[in-house]
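A short worksheet on the structure shown next.
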Amino acid sequence: MKITPPYLMFLGDAVDQLAAKTANGVAFWRPDWCLGQLRLDGCKADIGLPDMGLDEAAEKGVKTLIVGVANQGGYISDVWAETLMKSVDLGFDIASGLHASLASVPGLADAAAAKGCQLSDVRHPTETFDVGRGHKRGGKRLLTVGTDTSVGKMFTTLALEKEMVARGAKCTFRATGQTGIFIAGEGVSVDAVVADFISGATEWLCPENEEDHWDLIEGQGSIHHASYAGVTLGLIHGSQPDILVLCHDPGRPHMRGTPSIPTHSFTDTIEACERAARLTNPDVRTVGVAINTSKVSDAETEKLLAAATEETGLPAVDPVKDGVGPIVDNIL
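Read in our numbering, the sequence shown has 179 at position 193, and its numbers run on one by one without any break.
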């Protein structure tokens, strides 16, 4: 699945700033791709881009309208229909990360086909994947893993990409979730792939490459999460990682959504992930820990990072406050 920039970020009638989290992430990491934001009456979100109507967007050269707003239930609001129809009338592709399909909007699929526009539902992969084979592939691969779900794996992977590119490394961010796909312009939403084919989809995502090229693969879920470990394991096997980077949120005494399961230690998580990864790459190693310390003081941050390094023997950083330089030192 490929999404063509530049983008117009559609915020619709977002009820608050959090509802535009997807759009905000895309604008943060790919500002050159995002020409403006389109907000309907009552929209309470603002991601800092110029407000832009559809006609102006067409004049500016926008190629894709990104539905960058989320709502409870993941549906496409009737209020948005007029905007979506006019978008394809102007020749825009439309890409959405919602659970509901764009084709569920009456007449939109026919209008897009008539105009030669692409409708992309990034939560619904269109490719056909084989099962994973585990055969050794050329190139180098890094996968972010987590002590829990939603602990900053995408942000950390993109921060690593930025730092490695700045140092002259050949690398590609490989997106496995809807926001990441908008940021990369392509990818596979692996949590929508049938379980038997997750490792195969990941092999397809990061195929054979030049020996000095790095694929930086966005992790999902957690090996110790009762709800999402299946996706995590498929990613680990399919990515055949040479390198793992562990991500953590210190405000998680238990796994998200499962209070009966405590969060595992750094060393337990590293051991479990490396053991799983050795099935397809016996030489895998973990090189660092990325911790989200946004909710703690600077003094507490220092203690958390020091404790992580003491436990693991690895550099520990907050990618937002410190960057990921010490981790990249362990990679290149």
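Just so you know, even glycine gets a beta-carbon here, dropped at the ideal spot from N, CA and C.
Exercise. With DSSP run on the structure shown, which of helix, strand or coil describes VAL48?
Worked result: coil
For this session: Report buried or exposed for ASP269, applying the criterion of at least 16 other Cβ atoms within 10 angstroms of its Cβ.
Result: exposed
Problem set entry | CB-CB length for LEU51 against LEU(-6), believed under 8 angstroms | That belief holds up - the Cβ atoms of LEU51 and LEU(-6) are roughly 5 angstroms apart, short of 8 angstroms.
Exercise. Sorted by chain position, which residues of the same chain lie with C-beta nearer than 8 angstroms to VAL314's C-beta, five sequence neighbours on each side aside?
Worked result: LEU146, GLU149, MET150, ARG153
Exercise. Assuming ALA95 contacts LEU84 under a Cβ cut-off of 8 angstroms, what Cβ separation, rounded to an integer in Å, is found between them?
Worked result: Not quite, the Cβ-Cβ distance comes to about 15 angstroms (not below 8 angstroms), so this is no contact.
Exercise. Is the stretch 190 to 207 touching the stretch 121 to 129, taking contact as three or more C-beta pairs under 8 angstroms?
Worked result: As far as the Cβ criterion goes, the stretch 190 to 207 touches the stretch 121 to 129, which means the pair count is three or higher.
For this session: Enumerate in chain order the residues of its own chain whose CB-to-CB distance from ASP134 is below 7 angstroms, with the five nearest sequence positions on each side excluded.
Result: SER208, HIS211, ASP235, ARG238, MET241, ARG242, THR249
For this session: State whether the stretch 218 to 231 contacts the stretch 258 to 277, with contact taken as three or more CB pairs (one from each stretch) at a distance under 8 angstroms.
Result: With a cut-off of 8 angstroms, the stretch 258 to 277 and the stretch 218 to 231 count as touching, because enough Cβ pairs lie within range.
Problem set entry | Presumed contact (8 angstroms Cβ cut-off) between ALA56 and LYS7, rounded CB distance | The Cβ separation is near 7 angstroms, so the contact holds.
Problem set entry | Spatial neighbours of LYS101 in its chain, beta-carbon cut-off 8 angstroms, leaving aside the 5 residues before and after | Once the five neighbours on either side are set aside, the close Cβ partners of LYS101 are VAL74, ASP75, GLY77.
For this session: Indicate whether ILE184 and ARG16 have their beta-carbon atoms separated by less than 7 angstroms.
Result: Remark: C-beta atoms of ILE184 and ARG16 do not approach each other more closely than 7 angstroms.
Exercise. Considering only C-alpha positions, which residue in the set VAL303, ALA181, PHE141, GLU286 is nearest to ILE167?
Worked result: PHE141
Exercise. Thinking just about the alpha-carbon of each residue, which of MET(-13), LEU191, VAL179, ASP32 is nearest to the one in GLY216?
Worked result: When only C-alpha atoms are compared, the closest one is VAL179.
Problem set entry | Reduced DSSP secondary structure (H/G/I, E/B, other) of ARG264 | coil
For this session: Evaluate TYR214 with the Cβ neighbour count: other Cβ atoms within 10 Å of its Cβ, from every protein chain shown; 16 or more gives buried, anything less gives exposed.
Result: buried
Exercise. Between which two residues does the alpha helix (DSSP H) containing ASP96 stretch?
Worked result: 94 to 101
For this session: Evaluate GLN58 with the Cβ neighbour count: other Cβ atoms within 10 Å of its Cβ, from every protein chain shown; 16 or more gives buried, anything less gives exposed.
Result: exposed
Exercise. What are the start and end residues of the beta strand (DSSP E) that includes PHE(-4)?
Worked result: -7 to -2
Exercise. Is ILE209 helix, strand or coil when you go by DSSP?
Worked result: In this structure, ILE209 counts as coil in the three-state DSSP scheme.
Exercise. So, is THR279 buried or exposed, given that buried needs 16 or more other C-beta atoms within 10 angstroms?
Worked result: buried
Problem set entry | Cβ neighbours of ILE203 in the same chain (closer than 8 angstroms, five flanking residues each side left out) | ARG127, LEU128, LEU129, THR130, THR143, ARG160, THR162, THR188, LEU191, CYS192, LEU221, SER225, PRO227
Exercise. Based on Cα-Cα distance, which residue from VAL306, ALA276, GLU257, PRO305 lies nearest to ALA293?
Worked result: ALA276
For this session: Enumerate, from N- to C-terminal direction, the unbroken alpha helix (DSSP H) stretches of 4 or more residues contained entirely within the stretch 198 to 251.
Result: Complete alpha helix (DSSP H) runs here, min 4: 215 to 225.
Exercise. By the 10 Å Cβ neighbour count, where 16 or more other Cβ atoms means buried, how is THR218 classified, buried or exposed?
Worked result: By the neighbour-count criterion, in which 16 or more other beta carbons inside 10 Å mark a residue as buried, THR218 falls on the buried side.
Exercise. Which class does CYS29 belong to by DSSP, given the choice of helix, strand or coil?
Worked result: coil
Exercise. Should ASN264 go down as buried or exposed, given a rule of 16 or more other Cβ atoms within 10 Å for buried?
Worked result: Note on identity: in this sequence residue 264 is Arg, with Asn being the wrong assignment. Burial call: exposed.
Exercise. Can you list, in chain order, the stretches of the alpha helix (DSSP H) that have 4 or more residues and sit fully within the stretch 91 to 156?
Worked result: 94 to 101, 139 to 152
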